[in-house]
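Take a look at the structure set out below.
There are 2 protein chains.
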Amino acid sequence: MAGEAPLQLRIFDLNCWAIRYLSKRRQERVQLIGDKLRREGFDLALLQEVWSEQDYSDLRAKLAACYPFSHYFRSGVIGSGLCVFSKFPILDTLLYQYSLNGYPYMLQHGDWFCGKSVGLLIIKISGILFNVYVTHLHAEYCREKDAYLPHRLVQAWELAQFIRHTSKAADVVLLGGDLNMHPEDVGIRLLRGWTGLQDAFTEAECFEGCEDGCTLVPSNCFTVKAELLPFPLGIRIDYILYKAVSNFTVKCQELKTTQGTAPGVDIPFSDHEAVMATLHIHRQGQARGATTTTTDPKLVDVVTEARTEVEVGLRAARRQRYCRGRMAVLALLLLLLQAAAALGTLVGLGAGQPFPKLSFSLLAFLATGVLLLATTLHLFHTMEVKMLQGTEEQMRRVLRVLQERPSDG
Amino acid sequence: MAGEAPLQLRIFDLNCWAIRYLSKRRQERVQLIGDKLRREGFDLALLQEVWSEQDYSDLRAKLAACYPFSHYFRSGVIGSGLCVFSKFPILDTLLYQYSLNGYPYMLQHGDWFCGKSVGLLIIKISGILFNVYVTHLHAEYCREKDAYLPHRLVQAWELAQFIRHTSKAADVVLLGGDLNMHPEDVGIRLLRGWTGLQDAFTEAECFEGCEDGCTLVPSNCFTVKAELLPFPLGIRIDYILYKAVSNFTVKCQELKTTQGTAPGVDIPFSDHEAVMATLHIHRQGQARGATTTTTDPKLVDVVTEARTEVEVGLRAARRQRYCRGRMAVLALLLLLLQAAAALGTLVGLGAGQPFPKLSFSLLAFLATGVLLLATTLHLFHTMEVKMLQGTEEQMRRVLRVLQERPSDG
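Chains as they are written, first to last, in this note's numbering: chain A, 1 to 409; chain B, 1 to 409.
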């Protein structure tokens, strides 16, 4: 940063919805995203749901000239879907996998076998150390009866904890991603309160894009219209958040979203709209800017609210674990009964064949299937209970620390 | 820290080998460990392999008076097995799960369904901020033909990266745990080189305990003697490591290990010996003590060596993934053939029954089993390939950064 001139940083964030075999017109859209990034020359592009490594490689080849540095975060069987293109060297990376990885949903909702996680990149620009985080939190399936709220809270909490613990040496913290939460949701308030991150949309000096900054809008031809029925304007679930840690200040000069179709074609880039922020970073005299809001007195209320939700989830998870366990035991009993009957027939105790063979075999297959499924779900819910317990305990500890020392963030 | 008097810290570290139904005389030993901790009044006790939460609760109840603060790290289905007892308040915690969690070994080695991880605790003592890490890395199954060396290297690398990224604000870093690596192994050299951690055993001013500081010794009645045949003295795989990050120095005044049986009984505390360190922490004038050894010129060599091993593992994992995939395809083909034959018989194409029913069914069951197993292993090896690739890439990036700026840690 030469003299007192602020550093300007242009950031692009998009959930690319690039799932092989499932996402509509994927290759075409990845091309369009690449064209957009090359044309606009951002400083940083934070992408989510780039599930195919081939798509990443194609983008990398295309963008090599204007974004010489990039990283693809590998995790799980399919990957994390997270990748970053940068004009500036990436010094180091770290990936953190959330403890609740959406595995049970794969079975219940046709979700895929993915490892949801948050990626960290360390980037130095003009002597300023940036900790850049990119993530994709678990989707909400039904807002009215949101059984997964506790899970998203656990993820929001883990994300906040990971950012807090890894950003101590950073000058500026940036977070981009599909957080799958509305701006007023307790998870967002928890994340923002506990990390002190600010929302680029609310802080922006000027805004241009979809109304209310929405990133999932009914006018996008790829969105599921039924899901957006209660929200005629759409919803805002993709964010760019930031804060200055040491003696720097960050201002969001401009925020934009894409609006519907990409230029010159009849389709949008993704089912989400992209978020584009222009940030100005100033070095200031005194240490600790006004942006560190972790001492917010409302923080205790937010953590308490989140903790209550996690407790509700914990009770539900315990019930589910019990039900699945009972189902597994019943299926096992049925199988044992069948085995005894079959054995009886074999050693000639019964006269001829007491059961029709086909239905007998079908029943055995069914019981085996139920046993396997119920056992798997029982294990998943056991893990769920442990994770919710662990988070509840951490929140309790944080509340104790906050209440003892209210002025010490 | 009043005036210039050093802070003295006594640390206890033990792999407790407390696996329900599997570990011999578990409850008795957990009692003995509790007695020892209560009698000696350490400042910190870092325990591994406390797999049963009941054992943790029992210990907590017993130790409430002398260790008022404690934490059990929950992870995976069974848990992480990691817990900590402390005389000083635990301000915050964070758990990081390694990406390679030993799942494939569960199938191949009868290992259990555990989530290997590293736990971080933030503790403030006399105004000094401690980052305390406790972990348990994956075991070595066969030293001569160590197929899992690349996996332990990935874990050692992830551990080092996690410590580096989370300890930036700490005054003192402590790491205790069963690292399952010999002192001269490339994984230990990588961990120490990349974090700057020092080995309490080699730095100790005075030592008392098993020869060479070994923690897995043939004289312990619970150790598997065959595994220790090549090492008549035993092996040292449990460590207490430390470093001062800011203007502090840490010295290890005394290191001890337990030796065989606990006092008054005929059994030892565990199959591992406990490591007990007495550290002296001094505040010093100038910033950055001599303990930060991350600028070691040998570091490039160690990372290069580790990277080579990871590449070897990557090639092996790719081969395995291919073999499992081929096996799955063959099993599927066999099943399809059988289905066609059965269908043929049903619609009356064949004259009577061409196959004996029992062997036909058995073959179908066998093929299904092989299909499931091979598919699962294929998925595991896919994940393995991704993780090894990711680590190799990170190491390559670090090497580039190190070679460009050799004097900048």
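Ideal placement from N, C-alpha and C gives every residue a C-beta, glycine not left out. Keep in mind that this is a model prediction, so the values were computed, not measured.
- Taking buried to mean at least 16 other C-beta atoms within 10 Å of its own C-beta, is Phe-365/B buried or exposed? On the second sequence, position 365 is the one that residue 365/B refers to. Label assigned to Phe-365/B: exposed.
- Residue burial classification, Arg-307/A (beta-carbon count within 10 angstroms, cutoff 16): Residue 307/A sits at position 307 when you count from the first residue of the first sequence. Burial call: buried.
- Query: Hey, does His-165/A have any beta-carbon neighbour from chain B nearer than 8 Å?
  - Reply: For this step, residue 165/A is matched to residue 165 along the first sequence. Taking Cβ atoms only, chain B reaches closer than 8 Å to His-165/A, which makes this a yes.
- Item | Length of the line joining the Cα atoms of Ala-160/B and Arg-192/B | Here the question's residue 160/B lines up with position 160 in the second sequence. Here the question's residue 192/B lines up with position 192 in the second sequence. For Ala-160/B and Arg-192/B, the distance between alpha carbons rounds to 8 Å.
- What are the partner residues of Thr-278/A, as DSSP defines its beta bridges? The residue labelled residue 278/A in the question sits at position 278 within the first sequence. Beta-bridge pairing links Thr-278/A to Arg-10/A and Glu-254/A.
- Between the CA atoms of Arg-26/A and Val-217/B - distance to the nearest angstrom: In the second sequence, residue 217/B corresponds to position 217, counting from 1. In the first sequence, residue 26/A corresponds to position 26, counting from 1. When rounded, the distance between both Cα atoms is 59 Å.
- Go ahead and pull the three-state DSSP assignment for His-165/B. Counted from its first residue, the second sequence places residue 165/B at position 165. Helix, per DSSP.
- Out of Ala-341/B, Thr-391/B, Pro-297/B and Val-310/B, which has the shortest C-alpha to C-alpha gap to Glu-404/B? If you number the second sequence from 1, residue 404/B lands on position 404. When only C-alpha atoms are compared, the closest one is Pro-297/B.
- Keeping to the same chain, check which residues put their C-beta closer than 7 Å to that of Pro-6/B; ignore five residues upstream and five downstream. For the purposes of this step, residue 6/B is identified with residue 6 of the second sequence, where counting begins at 1. Answer for Pro-6/B: His-280, Ile-281 and His-282, listed in chain order.
- Among Leu-63/A, Arg-29/A, Gln-54/A and Glu-28/A, which one has its Cα closest to the Cα of Ala-45/A? For the purposes of this step, residue 45/A is identified with residue 45 of the first sequence, where counting begins at 1. Ranking Leu-63/A, Arg-29/A, Gln-54/A and Glu-28/A by Cα distance to Ala-45/A puts Leu-63/A first.
- Message: Please list, in chain order, the residues of the segment 214-244 of chain B that have any C-beta partner in chain A closer than 8 Å.
- Response: none
- Task: With DSSP as the reference, label Gln-320/A as helix, strand or coil.
- Result: Working through the first sequence from its first residue, we reach residue 320/A at position 320. Gln-320/A falls in the helix class under three-state DSSP.
- Item | Whether Leu-314/B touches Gln-394/B by CB criterion (8 Å) | To locate residue 314/B, count along the second sequence from 1; it is residue 314. To locate residue 394/B, count along the second sequence from 1; it is residue 394. It is not a contact, given that the beta carbons lie outside the stated cut-off.
- Please confirm if Lys-62/B has its CB atom under 8 Å from at least one CB of chain A. Numbered from 1 along the second sequence, position 62 holds the residue referred to as residue 62/B. It does not; no Cβ of chain A falls within 8 Å.
- Task: Look up Glu-392/B in the DSSP assignment and say whether it is helix, strand or coil.
- Result: Residue numbering aside, residue 392/B sits at position 392 when the second sequence is read from its first letter. Correct three-state label for Glu-392/B: helix.
- Compute the beta-carbon to beta-carbon distance between Arg-318/A and Ala-374/A, rounded to the nearest angstrom, for a pair I have assumed lies under 8 Å. Here residue 318/A is taken as the residue at index 318 of the first sequence, counted from 1. Here residue 374/A is taken as the residue at index 374 of the first sequence, counted from 1. In fact, because the Cβ distance is near 16 Å, the residues do not count as touching under 8 Å.
- Task: Kindly list the residues whose CB is nearer than 6 Å to the CB of Leu-100/B, restricted to its own chain and excluding five residues on each side of it in sequence; keep chain order.
- Result: Start at 1 with the first residue of the second sequence, and residue 100/B comes out as number 100. Closer than 6 Å at Cβ, skipping near neighbours: His-151, Val-154 and Met-387.
- Query: Are the C-beta of Gln-161/B and some C-beta of chain A separated by less than 8 Å?
  - Reply: Locating residue 161/B in the second sequence gives position 161, counting from the first residue. It does; some Cβ of chain A falls within 8 Å.
- Message: I want to verify the contact list: residues of chain A whose CB lies under 8 Å from the CB of Gln-389/B, in sequence order.
- Response: As a working mapping, residue 389/B is identified with position 389 in the second sequence. Arg-74, listed in chain order.
- Query: Can you list the residues of chain B that Gln-394/A reaches, using a CB-CB cut of under 7 Å?
  - Reply: On the first sequence, position 394 is the one that residue 394/A refers to. By Cβ distance, chain B contributes Thr-93.
- Give me the Cα-Cα distance between Pro-183/A and Gly-234/B, rounded to the nearest whole angstrom. Taking the first residue of the first sequence as 1, we reach residue 183/A at position 183. Taking the first residue of the second sequence as 1, we reach residue 234/B at position 234. Computed Cα separation, rounded: 58 Å.
- Query: Taking Cβ positions, are Leu-241/B and Asp-199/B nearer each other than 8 Å?
  - Reply: Reading the second sequence from its first residue, position 241 is the one you call residue 241/B. Reading the second sequence from its first residue, position 199 is the one you call residue 199/B. Yes, Cβ-Cβ distance for Leu-241/B and Asp-199/B is below 8 Å.
- Query: From the beta carbon of Ser-126/A, is the nearest beta carbon of chain B less than 8 Å away?
  - Reply: Counted from its first residue, the first sequence places residue 126/A at position 126. For Ser-126/A, the answer is no, since every Cβ of chain B falls outside 8 Å of its Cβ.
- For Cys-206/B, does the count of other Cβ atoms within 10 angstroms reach 16, so buried, or fall short, so exposed? Taking the first residue of the second sequence as 1, we reach residue 206/B at position 206. Cys-206/B should be labelled exposed.
- Message: Out of Asp-271/B, Ala-65/B and Leu-363/B, which one is the CA nearest neighbour of Ala-331/B?
- Response: In the second sequence, counting from the first residue as 1, residue 331/B sits at position 331. The candidate whose alpha carbon is nearest that of Ala-331/B is Leu-363/B.
- Message: Beta-carbon within less than 6 Å of Ile-19/A's beta-carbon, same chain only, minus the 5 sequence neighbours each way: which residues are those?
- Response: Taking the first sequence and counting its residues from 1, one reaches residue 19/A at position 19. Once the five neighbours on either side are set aside, the close Cβ partners of Ile-19/A are Trp-51.
- Message: Which residue marks the beginning of the alpha helix (DSSP H) containing Gly-34/B, and which one marks its end?
- Response: Position 34 of the second sequence, counted from the start, is the residue given in the question as residue 34/B. Residues 26-40.
- For Arg-397/A, which three-state DSSP category applies? As a first step, residue 397/A is located in the first sequence; it is residue number 397 there, counting from the start. Reduced to three states, the DSSP call for Arg-397/A is helix.
- Does the Cβ of Val-134/A have 16 or more other Cβ atoms within 10 Å, making it buried, or fewer, making it exposed? As a working note, residue 134/A is residue 134 in the first sequence. It counts as buried.
- Item | CA-to-CA distance, Ile-78/A to Thr-376/A, given in whole angstroms | For this step, residue 376/A is matched to residue 376 along the first sequence. For this step, residue 78/A is matched to residue 78 along the first sequence. Approximately 20 Å, taken between the alpha carbons.
- Task: Would you check if the distance between the CB atom of Glu-254/A and the CB atom of Ala-316/A is smaller than 8 Å?
- Result: The residue you call residue 254/A lines up with position 254 of the first sequence. The residue you call residue 316/A lines up with position 316 of the first sequence. The answer is no: Cβ separation not under 8 Å.
- As assigned by DSSP and simplified to three states, the class of Ile-188/B: Counting from 1 along the second sequence, the entry for residue 188/B is found at position 188. Helix at Ile-188/B.
- the segment 164-179 of chain B / the segment 327-343 of chain B touching (three or more Cβ pairs under 8 Å): no
- Own chain residues within Cβ distance below 6 Å of Val-30/A, not counting five before or after: Here residue 30/A is taken as the residue at index 30 of the first sequence, counted from 1. So the qualifying residues of the chain are Ala-18 and Asp-55.
- Given Phe-69/B as reference, the closest of Ser-80/B, Glu-53/B and Ile-90/B once Cα atoms are compared: Locating residue 69/B in the second sequence gives position 69, counting from the first residue. The option with the nearest alpha carbon to Phe-69/B is Ile-90/B.
- Query: What's the gap between the Cα of Ala-342/A and the Cα of Ser-270/B?
  - Reply: Start at 1 with the first residue of the first sequence, and residue 342/A comes out as number 342. Start at 1 with the first residue of the second sequence, and residue 270/B comes out as number 270. If I take the Cα positions, the gap works out to 47 Å.
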